[in-house]
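What follows is a single structure, written as C-alpha cells, with notes after it.
There are 2 protein chains.
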Amino acid sequence: MTTPMRQLMANAIRFLSADAVEAAGSGHPGLPMGAADIATVLFTRFLTFDPTKPDWPDRDRFVFSAGHGSMLLYSLLYLLGYRDIGIDEIKRFRQLGSKTAGHPEYGHAAGIETTTGPLGQGAGNAVGMALAERILNARFGDDVVDHTTYALVGDGCLMEGISQEAISLAGHLKLSKLIFLWDDNGITIDGKVSLADSTDQLQRFEACGWQALSCDGQDHDAIAGAIETAKASERPTLIAARTTIGFGAPNKGGTEKAHGSPLGAEEIAAARKALDWPHPPFEVPSDILDQWRLAGLRSSARRKAWETRFAAVDAETRGEFERRMRGDLPSGFVQALHRFKRRMNEERPAVASRKASEMALEEINAIVLETIGGSADLAGSNNTRTSQMAAITAGDYSGRFVHYGIREHGMAAAMNGMALHGGIIPYSGTFLAFSDYCRPSLRLAALMGIRAIYVMTHDSIGLGEDGPTHQPVEQLAALRAIPNLLVFRPADPVETAECWQLALQNRAAPSILALSRQALPTLRLDEHDENRSARGAYEIDPASGEAKVTIYATGSEVEIAVEARAELERAGIPTRVVSVPSFELFRRQTAEYRRALTDDPSFKVAIEAGIRQGWDELIGRDGHFVGMNGFGASGPAPELYRHFGITAEAVVDAVMERLGGEDTPEDA
Amino acid sequence: MTTPMRQLMANAIRFLSADAVEAAGSGHPGLPMGAADIATVLFTRFLTFDPTKPDWPDRDRFVFSAGHGSMLLYSLLYLLGYRDIGIDEIKRFRQLGSKTAGHPEYGHAAGIETTTGPLGQGAGNAVGMALAERILNARFGDDVVDHTTYALVGDGCLMEGISQEAISLAGHLKLSKLIFLWDDNGITIDGKVSLADSTDQLQRFEACGWQALSCDGQDHDAIAGAIETAKASERPTLIAARTTIGFGAPNKGGTEKAHGSPLGAEEIAAARKALDWPHPPFEVPSDILDQWRLAGLRSSARRKAWETRFAAVDAETRGEFERRMRGDLPSGFVQALHRFKRRMNEERPAVASRKASEMALEEINAIVLETIGGSADLAGSNNTRTSQMAAITAGDYSGRFVHYGIREHGMAAAMNGMALHGGIIPYSGTFLAFSDYCRPSLRLAALMGIRAIYVMTHDSIGLGEDGPTHQPVEQLAALRAIPNLLVFRPADPVETAECWQLALQNRAAPSILALSRQALPTLRLDEHDENRSARGAYEIDPASGEAKVTIYATGSEVEIAVEARAELERAGIPTRVVSVPSFELFRRQTAEYRRALTDDPSFKVAIEAGIRQGWDELIGRDGHFVGMNGFGASGPAPELYRHFGITAEAVVDAVMERLGGEDTPEDA
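Taken in sequence, the protein lines are chains X and Y.
Its first residue numbered 1, the first sequence is counted upward by one per residue in UniProt numbering.
Its first residue numbered 1, the second sequence is counted upward by one per residue in UniProt numbering.
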C-alpha cells in the first residue's frame, strides 16, 4: 500500500520537527508529530495566505497558541516556501541568532503572527485578531476585509484561566470567523491530562456560546469536515481534534515522553520505520516538497483577486486603509494635541488625570479613527469611552468601544491580537493595581514591540477607601521593570496629552498611562508646542538661583513637589522641581541632558506614592525618598497621604534636616 | 401583614450596609442588599461557627469572594456577636484605622477568613480551603476535621479567568464539601452583565464536574433547599441564586446605580419605606438583634461536641493537630537541616539549585509532615515532589502532592486558601517567568502575611533554548517590589537549605525560592550551623586584604563572582564576594551590619542575570552592574551568558577599567 501524498506531506512535518529537536538537543517533538495532520489539512485546504506576500492584509490569521510545538510552524513555513525559513534555519533550531527560536517569536520571520509560549496567550490574541477583522470589515466592507482566524491550542491553553476570559468574550461577541483547533492529545508535561483535569471542554465552550465539534485529529477528511462545519457557523467554533502526541513514535508516542524532549536516535529510527520515512534528516523528497510549495501558492489567486477588488475601492478609502495598516497616524493629530494643550493652558482645569485623559481622547478619537477603546468593566472610572465611541456588540462591529468585561488578562491579550492584526490601535483600561492581572500579556506586548495602550487609573493610595487591595504601591516599579514597556505617569492635563501623543507615536512599544483618581491642578503653563514629556524627565519648575535642592516627582505627586518648592524658596533655599513622566524616555536622552538633571550637587528628593525601588537611579542612595514602604490602607485619600507622610511638609522637613548639617543616613 | 422575622433579619443587614456606605460616602450597597437573604439563610441555618471561638478549627469556612460588598460581612459579624465588630466599627466603615476597611482585610477582625476584593481570588482561596479540609480529614479523621467551605461569588468572580482554574481543579478533585453561592444579580459596574457576557454559568460549572443549581435568591426556603441539595452532593456545587442588586431600593435597585455608590438620602428613605424599616441608621431593634445573636450561638453545641470528641483523641494525634494548627514547626526540623548542610559540605555536589531544593525537601518533608507540595504541571522540572509524596486524587486525599495542572494563578490562590485554613504549609512550583501569572495571588499572600511558599525554577537566561518568553529578566525585581514577600535566590545547596529554613520559619510572609535550571557548585564550605542566609547578604568569600572591590551576586551568579574574585586576587586586587540571597532580610539587619557590607570605599560590582532595578540600593549609582538590559534569547545557556556578557571576564574588565583610573560613567 502506498502512502497517500497528504500523509507524506504530514510526515514531512513530523520528521523535520523531530529531527530538528534531535539536532538541537531540546524541544518539543510531540505536538508537531501529533498535530501534523491538522496542520496539513488547514494549510493545504483552508488557510488563505501567500508566502510571497506574507503581509497581505486580508490573509487568514493562524495563531500558534501552543507555542512550545514551534517546530510545527517552522516546518510549515519552510515547506510552504516562506523565504525567511530555509532549511538552514530549520537546522539551526533553538540556536542563538536563528529565526527558529525555542518558541515562535514575532518579528523573527514572516508567517509568525504572534509570539507564543506562555500558555493561553495565543487564544487571547486570536480573539483580538478576529475582533479586529470584524471591526475593519464593518468599516471597509467585505471586499477589503474578510478573513478567518484560526488558533491551534493545546490542553495547557485551555487549562489557563485566560482562555476562559478569551472564549467567553468571543462567544459573547459572536466572532463566527474564529476557529480553535484543539490538539486534544490528552497529555501534558506531568503525564495524562486526567492527572489534573476532568473538564468536558466541549460542554464548556458551548456554555460560552461556541459551537463545539470533535473529530479524529489524525483523519484528514474528518478534520476537513469539521473545519467546513466551523466555517459555516454563526458562532465561533472549537474543534476538538483527538490526536496522539508524538504520532508515529512507536514507544514514546501517546505518552508524556514525547512532549518536551528529543525522542532519541533509537526512537526516531523506529518512527522512520513505522511511518515508512526512509529519508535522512532535513531531506524532504522533491515530490513531497513540490506538493507543499504548490499548496503555498494555493491562495495566490485569491490574493490577486483581493488586489483587484482593492484597487477598485475609492482612493480615499484605499488610502485610509493603507495608512491604518502601515500604522501611520493621520495628519492633524499633532496639531489637535497642540490646540488641546493651549486650551489647557488657558482654562487651567483642576481635574483627575483620568479625566484629563478622557478630554485628550476626545480630541484624539475625533481624528485617529483607528483607536478602539475599552475597559474591563470600569468604563466610567477609567474614562476611556469618548463621545465618538458606540459599543461594539455581537453582530454590530461598527462601534469603537469594547466592553471587555471583568477580564483584564483576556482584554490585554486581545488588545495584543488587535495590534498584531493591524489597522487598529487598541487602548483599554482597568485600575493600576490590576495591571497584575494582565502582566503576562503586557510582557508579551513589550517583547513583541507592539502598540497597545493601557489606561491604568486609580494609580496610588489616592484611590482612597477601597483600601490596599486596590491601591497600587509596587506596580509602578514592577511595570517599569518590564523591558520595552513605556510607563507614563503624567502630572496634569498638559502632560497627559503629551503622554498620549508619545504612546500613540511609539509604534514599537506598548505604553501604560498611570492616571490619578483625584483631581490635580494644571501645572504646565508654558505656552509652546514642544512635547516636554518626550524627555522623560524635565525641569517643570526652576530654582530661583543655583539649585540647592532638586525634587523629582511623578503624576499626582508633582503638585506636592511644587508646593514644597514654594515653601523652600520662601525659606531662601533655591529649589527646582523635575517632573518624571517616563523613566524609559529619560534613559534615552543624551548623557549630557541626563547629567544636568541628576548629577548636579543639589540635595535630591523624590516623591512618588509608591515604593522607592528604581528611584535610586535618579536620586542615588543618598537621596531622600518620600513615598510608600508597604501596603496602603482604607480611608479617605487626603488622610492617607498625611498618614503615610507623603506631603510637602515631609519634603521640607527632610530638606531642612539635611541642609541643616545633620548628615545622618536617613534609613539607619 | 407582618414581616416574618427572617425577613427582618435580612433587612437588618440591608440597612446596616446601606447606612454605613452612606455615612462613609463611598462603598457598595447593592451586593449586601441583594444578597442579604442568601447570607441570612446561610448563617442562621447552615454555617457552623462560633463567634465566641472564631478560630475553632472545625468551623465551616465562609469566603466572601465578592469582597467589594464588604458591608454584608461586617453586618453579619456585628449581628452575630463577633466581638471585633461593634456598632462603632460599622459606623467607621472605610475610615483610616477601622476594622471595617473598604474590602475585607484578613487579620482586621475575627470572622474575616481571607482578604478579598481583587475579583476571583476568593474562589481560588475557597478551593484551597476545601482541599485543606479534605487533606486534614484524611489524616485526622471525621471526628477532628469535617466541615464545609462556602464562598459567596459575584459575576465578576466568575468572569475572571482565575475562577476557571479554581473550579476545574475543584471539580477534578471532587471537593464535594465546597459550595459556591453565586449572587446572580445580572449587574456589573458598567451595567448589565449582558453588555459583556453571555455565558451559561450552570452549564460551564457542570462541564467542570460541578453540580449546578439555581434558585430565587430572595426566597429563604428556596435558598435553603438548594443548600441542602448541595450538601448532599458528591460533587462541589454552584448555586446560582438570582437576586436583585440593591434589593429594596425602589429606583436604583436592579441597576448598576446600586452597585458601587451610596444610594443617597432620598433613595435610602424610599427603601426604608418600601421594606417597612422605620428604624434610624445603625439601630437594629432588640428583637431582631436578639434573633441574630441567638443564631450566633446556634452551633456552640456542635463546637462543644467537637471539643469533647477532640479531647478523646489520643494525646499524640491531638498534639500533632494542635501544633499544625498553631503553625509551629516540628522539633527536629532545624537539626535535620544542619545535618543536611554538613552533608553538603562533605559531598560538595554540583547540582542545580532546583535539585538542591529537592534534596533539602527530602529531609524537610520527612519531618514536616504538614507540607503539601505541588506543581503547575512541571513536577519534574520544579523538583517539588519528594519520595514521601503520593498524589492527591479525587476521593483519596491522603497524599501530599497536588497536580495543580496548568493553572498557576488558581494554584497560588488555592495555596493561599490552604495556608489560611491552617494545619498545612503549602508549597508549589512553576517557572519563575510564570510568576507573572500568579502575581495577584502572590500580592494577596503578602498583604495577608501568610506562609505560602513558591518554588520558582528556571530563574534566568540559564533556562536556555526555550527563549525569552520563558526567561525571567525583570521578575526578580518585580517580585522584590511586592512588600512583605520574601524573595530568596540561593547560590548553592547550603544556601538552598538555609532559604528553605527561612521560608518555613517566616510564618507571617510568603516566600519565593528562585532556583536555577543549571548545575551550580557547592560554594559554602564553612562548617557551622549558623544560617548565614538569614542575614540576607553576607560575605561568602573574603578579600585577602582590605577589599578594593566588592562583588555582590545572587544565585547562579555567585559562582561567576567567585571566579572573578579569584582572578582579581591573582592580579593583586583584594576582592570580596557578598552573596545576597534575600534583599528583604538584608534590609532588616542593623545599620552597622549593612554599612559594613555596602558603605566601605571598595568599588562595587553586582552580578545578577536580571535587570539592574533595585541593585542601586546596594551598589549605588556609581556601582557597576553585570546583568540584563532587555529580554533574553533562545540558545544554549552558556552561549547566552557569554552573549549577554554575564561572565567573570566582564567583571574583571569593568574593575580593571575603573581601578585603572578611567572614570567614565559606565552608562554614558
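For each residue, glycine too, the CB sits at the ideal point set by N, CA and C.
Asked	Found
Cβ-Cβ distance between Y:R489 and Y:P581 below 7 angstroms	yes
Three-state secondary structure assigned by DSSP to Y:C215	strand
Given 8 angstroms, three or more beta-carbon pairs between the region 31-45 of chain Y and the region 65-78 of chain Y	yes
Inter-stretch contact at 8 angstroms, needing at least 3 Cβ pairs: the region 312-331 of chain X / the region 286-301 of chain X	no
CB contact below 7 angstroms: X:T664 versus chain Y	A caution first: X:T664 carries a pLDDT of 43, below 50, which makes its placement in the model unreliable, though a value can still be read off. No, no contact with chain Y.
Per DSSP, the bridge partner or partners of X:T237	X:I179 and X:Q211
Proximity test, Cβ basis, 7 angstroms: X:L79 and chain Y	no
7 angstroms Cβ cutoff, X:D653 in contact with chain Y	no
Where the beta strand (DSSP E) through Y:E539 begins and ends	Y538 to D541
Cβ shell of X:G536 (< 8 angstroms), same chain only, five flanking positions each side left out	V580, P581, S582, F583, E584, L585, F586, R587, R588 and Q589
Beta-carbon gap between X:I646 and X:A609 smaller than 7 angstroms	yes
Beta-carbon gap between X:I551 and X:A534 smaller than 7 angstroms	no
Contact between the region 31-51 of chain Y and the region 140-155 of chain Y (3+ Cβ pairs under 8 angstroms)	yes
Residues within the region 195-223 of chain Y neighbouring chain X, beta-carbon criterion of under 9 angstroms	L195, A196, D197, S198, T199, D200, Q201, L202, Q203, R204, F205, E206, A207, C208 and G209
Other residues of its chain near Y:I573: CB distance less than 8 angstroms, five sequence neighbours each side excluded	K548, V549, V655 and L659
CA nearest to the CA of Y:E266, picked from Y:A315, Y:S387, Y:A18 and Y:D622	Y:A18
Residue ranges of each beta strand (DSSP E) within the region 47-97 of chain X, 3 or longer	61-64
Run of the beta strand (DSSP E) containing X:P281, from where it starts to where it stops	From DSSP, X:P281 is part of no beta strand (DSSP E); its letter is neither H nor E.
Sufficient close CB pairs (3 or more, under 8 angstroms) joining the region 494-509 of chain X to the region 466-474 of chain X	no
Sequence-distant residues of the same chain with beta carbon closer than 7 angstroms to Y:D541, five excluded per side	V562, R565, R576 and V577
Nearest to Y:M456 (by Cα), restricted to the options Y:E358, Y:D396 and Y:H528	Y:E358
Cβ pair Y:S516, Y:G462 closer than 7 angstroms	yes
is_contact[Y:H338, chain X] using C-beta, thresh 7 angstroms	no
Chain X contacts from the region 464-476 of chain Y (Cβ-Cβ distance under 7 angstroms)	E465, D466, G467, P468, T469, H470, V473 and E474
As assigned by DSSP and simplified to three states, the class of X:K231	helix
Euclidean distance between Cα positions of X:H409 and Y:G161	8 angstroms
Extent of the continuous beta strand (DSSP E) run through X:L525	Looking at the DSSP string, X:L525 is not in any beta strand (DSSP E), and its letter there is neither H nor E.
Rounded C-alpha distance that separates Y:W615 from Y:L442	22 angstroms
Supposed contact pair Y:V651 and Y:I560 - C-beta distance, whole angstroms, cut 8 angstroms	7 angstroms
Range covered by the alpha helix (DSSP H) that runs through X:L131	Q121 to F140
Cross-strand partners of Y:R242 (DSSP beta bridge)	Y:D184 and Y:D216
Rounded straight-line distance, which links the Cα of X:S428 to that of X:M411	8 angstroms
Coarse secondary structure for Y:K304, derived from DSSP in three states	helix
7 angstroms Cβ cutoff, Y:A668 in contact with chain X	Per-residue confidence for Y:A668 stands at a pLDDT of 36, beneath the threshold of 50, marking its modelled position as unreliable; no derived number is given.
Y:F401 - containing alpha helix (DSSP H), residue span	Where Y:F401 is concerned, there is no enclosing alpha helix (DSSP H), although the beta strand (DSSP E) it sits in stretches over F401 to H403.
X:S579 - DSSP class collapsed to helix/strand/coil	strand
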